[in-house]
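Student:
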Amino acid sequence: MKLSIYLVSVVGGRVPKSMELCTQTFIHFNASSLSSFSSTSNSLLLLLRPNTLPFKSNYSLNLSSHYHHTHNSSPFIVSASSPSSVAVGTENDRLPAELKVTQTEGPNSTVRLHVEVPPLVCQDCYKRVIVEFTKQAKIPGFRPGKSVPESILVGYVGSKNVKKATIESILRRTLSHAMASVTGKALQDSVRIATKFSEMEETYSSLGSLRFDVIVDVVPEIKWISDNAHKNLKVVVEIDSDIDAHKTFEQEFRRRYKSLGALKVVTDRGLQIGDVAVIDISATTIDQDESNIKNIPSAESKGFNFDTEDGDNVLPGFLDSIIGICRGETKSFPLVFPENWKQENLRGVHAQFTVECKELFYRDLPELDDSIADKLISGCTTVDQVKELLLQRCFEVEQTAREQATDNAILNQLSKMVEIDIPQSLFEEQGRQLYGASLLEIQAKMTLNEQQLASLSSPKAVSEYLHHQKDNITNLIKQNLAVGDVYRRENLQVATEELVKEVENSIAEFKRQNQEYDEGRVKDQVQEILEGAKVLEWLREHADIQYVTK
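Mapping to the numbering used here: the sequence shown position 329 is 339, numbers consecutive.
Here it is in structure tokens:
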């Protein structure tokens, strides 16, 4: 098996990255912006940095409001209104008093924690902030680090700045304690403080205590329609007749053979099967009331190269209607779009077609013997060898297509057998990953300038994608989580040797293309793919699968 690491893995036994749990919290704080807080300021920007993870990333803890201030890259660097600064270290210690935390479950697998911080904890945080300011504040008339009367220090730094720094210290110090009840369930990049900063200031000023609400997404519960639903899958797989190996073999062999022939101008007859015509096509609707007649733009074409051997790919009756047409001749004829036509708005429409033949060619093909075998497939010496090799390839393509169609049908059925209250943070991350993957595909097909790339990467474009693809994203998440649950339920395992081999192959591919990579993330993603493959293999063996050709 050869794996390719993409931005998004389709299935995996593990939860997606955003389903990794939040294990440790740091709040980044820059007090140089404290002076920008006004009576209308509603929030702070707090950053989570779960540094126990195998990948490098910062996670935002947003207070739900409209204000965001800048922050330093180092945790708790507090720049006062003076040239000095205060470095407040990470604190995850025992609190001098217990917090009161009330937990309420919300929609989309969210939990709201109402946190009440008692005055004793607030006072202790205030003292620590004063100590840290004292260590680094450069106050005229006092040596750095020496004792400074509190009133002078507060007057120099600013009482508002001290209060804001104290509230930040309280939040930082109490947040991990407040979230103890959701430890092991909280999702990364999902924690946000819902209380406005101005409200926290008011509570702290009047009561000497602090109250705030925290909203966090948690690992969603997977509810199956029955306990053993995954063991009794009944799946109908629709197979496109176009993937039939014998059919595709005939088409590919004919295509290769035709490519060896030269096109020559027809001068003495009309169009017949095997010819290539350059035609102009126009079409209008048929209606007794001439005022209702309309053009059909999607059916019109100028300078269309029409290979008569591809007649099965055009509107039924079109080829028969132009057989015999000569160069420079025009034919007009009525046709009806069938009810299974790919464009729904044209199904059942009666149309009048007009076709003008601009050029007419026939193919001057070489003899179909062993002398052209090497031109059909390099290295072959006989036509029989060419046919054997082509048929083998077509069977491989058909088998791959059947397996892919089977996997898709299984996953689709699996998503219908689970109920999951999907967290918004998980939905948005999965959606952004899919959108990022689609942008990479677009870039691979065409060159985008900076303006186009900026437009496609804008928040508005991403938001529109999430809205329009909501059902697809939701189904994909349900499939991923259901697959992961089956992996755990059935105690499936991936062999260490297989994992090591595929990781090495993937890293070698990154190196070959001179691309940067994170070995830990590569390993995680390879394991996800291998675990997903194990689950699909198990499901194929235990499912009742029926194949229907369409």
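The beta-carbon is built from N, C-alpha and C at its ideal position, and this holds for glycine as well.
Comparing alpha-carbon positions, which option in Leu370, Phe263, Cys367 and Ala188 lies nearest Ala383?
Tutor: For the purposes of this step, residue 383 is identified with residue 373 of the sequence shown, where counting begins at 1. Comparing Cα-Cα distances from Ala383 to each of Leu370, Phe263, Cys367 and Ala188, the minimum goes to Phe263.
Student: Would you list, in sequence order, the uninterrupted alpha helix (DSSP H) runs of no fewer than 4 residues that lie entirely inside the stretch 320-406?
Tutor: List check, alpha helix (DSSP H) in window: 328-332 and 383-386.
Student: Taking only three categories from DSSP, how would you classify Asn315?
Tutor: Taking the sequence shown and counting its residues from 1, the one referred to as residue 315 is at position 305. Asn315: strand per DSSP, three-state reduction.
Student: Classify Gln535: buried if its beta carbon has 16 or more other beta carbons within 10 angstroms, exposed otherwise.
Tutor: Walking along the sequence shown from the start, residue 535 turns up at place 525. Classification for Gln535: buried.
Student: I'd like the span of the beta strand (DSSP E) that includes Gln556, first residue to last.
Tutor: As a working mapping, residue 556 is identified with position 546 in the sequence shown. Element bounds for Gln556: Asp554 to Thr559.
Student: Going residue by residue through the stretch 148-217, where are the continuous beta strand (DSSP E) segments of at least 3 residues, counting only ones entirely within it?
Tutor: Runs found: none.
Student: Can you tell which of Leu329, Phe314 and Ala272 has the C-alpha that lies nearest to the C-alpha of Gly280?
Tutor: Start at 1 with the first residue of the sequence shown, and residue 280 comes out as number 270. The residue with the shortest Cα to Cα distance from Gly280 is Leu329.
Student: Using DSSP with H/G/I as helix, E/B as strand and the rest coil, what is Ala287?
Tutor: For the purposes of this step, residue 287 is identified with residue 277 of the sequence shown, where counting begins at 1. In this structure, Ala287 counts as strand in the three-state DSSP scheme.
Student: I need the boundaries of the alpha helix (DSSP H) containing His240, first residue and last residue.
Tutor: Residue numbering aside, residue 240 sits at position 230 when the sequence shown is read from its first letter. Counting along the chain, His240 falls outside any alpha helix (DSSP H), and DSSP gives it neither H nor E.
Student: For the beta strand (DSSP E) containing Ala272, list its first residue and its last residue.
Tutor: By 1-based counting over the sequence shown, the position of residue 272 is 262. Ala272 to Val275 is the extent of the beta strand (DSSP E) around Ala272.
Student: Could you check if Gly542 is buried or exposed, using at least 16 other CB atoms within 10 Å of its CB as the buried criterion?
Tutor: Position 532 of the sequence shown, counted from the start, is the residue given in the question as residue 542. With 16 or more Cβ atoms within 10 Å of its Cβ, Gly542 is classed as buried.
Student: Short of 8 Å in beta carbon distance, which residues of its chain neighbour Gly218, apart from the five on each side in sequence? Order them along the chain.
Tutor: Counted from its first residue, the sequence shown places residue 218 at position 208. Excluding residues within five positions, the ones whose Cβ falls inside 8 Å are Pro129, Cys132 and Gln133.
Student: Terminal residues of the continuous beta strand (DSSP E) containing Thr112?
Tutor: Along the sequence shown, one-based indexing puts residue 112 at 102. Per DSSP, Thr112 belongs to the beta strand (DSSP E) from Lys110 to Gly116.
Student: Roughly how many angstroms lie between the CA atoms of Thr318 and Leu270, to the nearest whole one?
Tutor: Reading the sequence shown from its first residue, position 308 is the one you call residue 318. Reading the sequence shown from its first residue, position 260 is the one you call residue 270. Cα to Cα, the separation comes out at about 17 Å.
Student: Our contact map puts Ala239 next to Ile296 with C-beta atoms below 8 Å; I'd like the distance itself, whole angstroms only.
Tutor: Working through the sequence shown from its first residue, we reach residue 239 at position 229. Working through the sequence shown from its first residue, we reach residue 296 at position 286. No, Ala239 and Ile296 are not in contact; Cβ-Cβ is about 52 Å, not under 8 Å.
Student: Helix, strand or coil for Val532 per DSSP?
Tutor: What you label residue 532 is simply residue 522 of the sequence shown in a count that begins at 1. Helix at Val532.
Student: In the DSSP output, what is Asn305 paired with across the bridge?
Tutor: In the sequence shown, residue 305 corresponds to position 295, counting from 1. Asn305 is bridged to Thr294.
Student: Who are Glu429's beta bridge partners in DSSP?
Tutor: Stepping through the sequence shown from its first residue, residue 429 is reached at position 419. DSSP lists Lys233 as partners of Glu429.
Student: Provide the residue span of the beta strand (DSSP E) that contains Thr120, from first to last.
Tutor: Indexing the sequence shown from 1 puts residue 120 at position 110. Thr120 to Val127 is the span of the beta strand (DSSP E), which, as asked, contains Thr120.
Student: What whole-angstrom Cβ distance do Val125 and Ala147 have, given they're in contact under 8 Å?
Tutor: Within the sequence shown, residue 125 is the residue found at index 115, counting from 1. Within the sequence shown, residue 147 is the residue found at index 137, counting from 1. Contact flag wrong, Cβ pair sits at about 30 Å.
Student: Ends of the beta strand (DSSP E) at Leu449?
Tutor: Taking the sequence shown and counting its residues from 1, one reaches residue 449 at position 439. That residue, Leu449, is in no beta strand (DSSP E); its alpha helix (DSSP H) goes Gln434 to Lys455.
Student: Go ahead and pull the three-state DSSP assignment for Asp223.
Tutor: The count along the sequence shown starts at 1 and reaches residue 223 at position 213. Residue state, collapsed to three classes: strand.
Student: Can you give me the C-alpha to C-alpha distance between Gly338 and Gly313, rounded to a whole angstrom?
Tutor: Residue mapping note: residue 338 aligns to position 328 of the sequence shown, counting from 1. Residue mapping note: residue 313 aligns to position 303 of the sequence shown, counting from 1. Spanning the two alpha carbons is a distance of roughly 13 Å.
Student: Taking all protein chains shown into account, do 16 or more other C-beta atoms lie within 10 angstroms of the C-beta of Arg183, making it buried, or fewer, making it exposed?
Tutor: In the sequence shown, counting from the first residue as 1, residue 183 sits at position 173. Classification for Arg183: buried.
Student: In the DSSP assignment, the alpha helix (DSSP H) including Leu476 goes from what residue to what residue?
Tutor: The residue labelled residue 476 in the question sits at position 466 within the sequence shown. Its alpha helix (DSSP H) spans residues Pro469 to His478.
Student: Taking just the CA atoms, how far does Asn418 sit from Ala190?
Tutor: Taking the sequence shown and counting its residues from 1, one reaches residue 190 at position 180. Taking the sequence shown and counting its residues from 1, one reaches residue 418 at position 408. C-alpha separation (whole angstroms): 40 Å.
Student: Pop quiz: Val428 and Lys488 are said to be a contact at Cβ under 8 Å. What is the actual Cβ separation, rounded to whole angstroms?
Tutor: Counting from 1 along the sequence shown, the entry for residue 428 is found at position 418. Counting from 1 along the sequence shown, the entry for residue 488 is found at position 478. At roughly 6 Å, the Cβ-Cβ gap stays under 8 Å, so Val428 and Lys488 are in contact.
Student: Restricting to Cα atoms, I'd like to know which of Tyr445, Gln503, Trp351 and Tyr267 is closest to Tyr475.
Tutor: Working through the sequence shown from its first residue, we reach residue 475 at position 465. Comparing Cα positions, the closest option is Tyr445.
Student: Whether or not the stretch 358-375 and the stretch 284-293 are in contact is what I'm after, with contact meaning three or more pairs of Cβ atoms, one per stretch, closer than 8 Å; do they touch?
Tutor: Contact holds: three or more Cβ-Cβ distances are below 8 Å.
Student: Tell me whether the beta-carbon of Lys533 lies closer than 7 Å to the beta-carbon of Val513.
Tutor: The residue you call residue 533 lines up with position 523 of the sequence shown. The residue you call residue 513 lines up with position 503 of the sequence shown. In this structure, Val513 lies closer than 7 Å to Lys533 by Cβ.
Student: Compute the Euclidean distance between the alpha carbons of Glu160 and Leu450, then round it to the nearest angstrom.
Tutor: Residue mapping note: residue 160 aligns to position 150 of the sequence shown, counting from 1. Residue mapping note: residue 450 aligns to position 440 of the sequence shown, counting from 1. One C-alpha to the other measures close to 58 Å.
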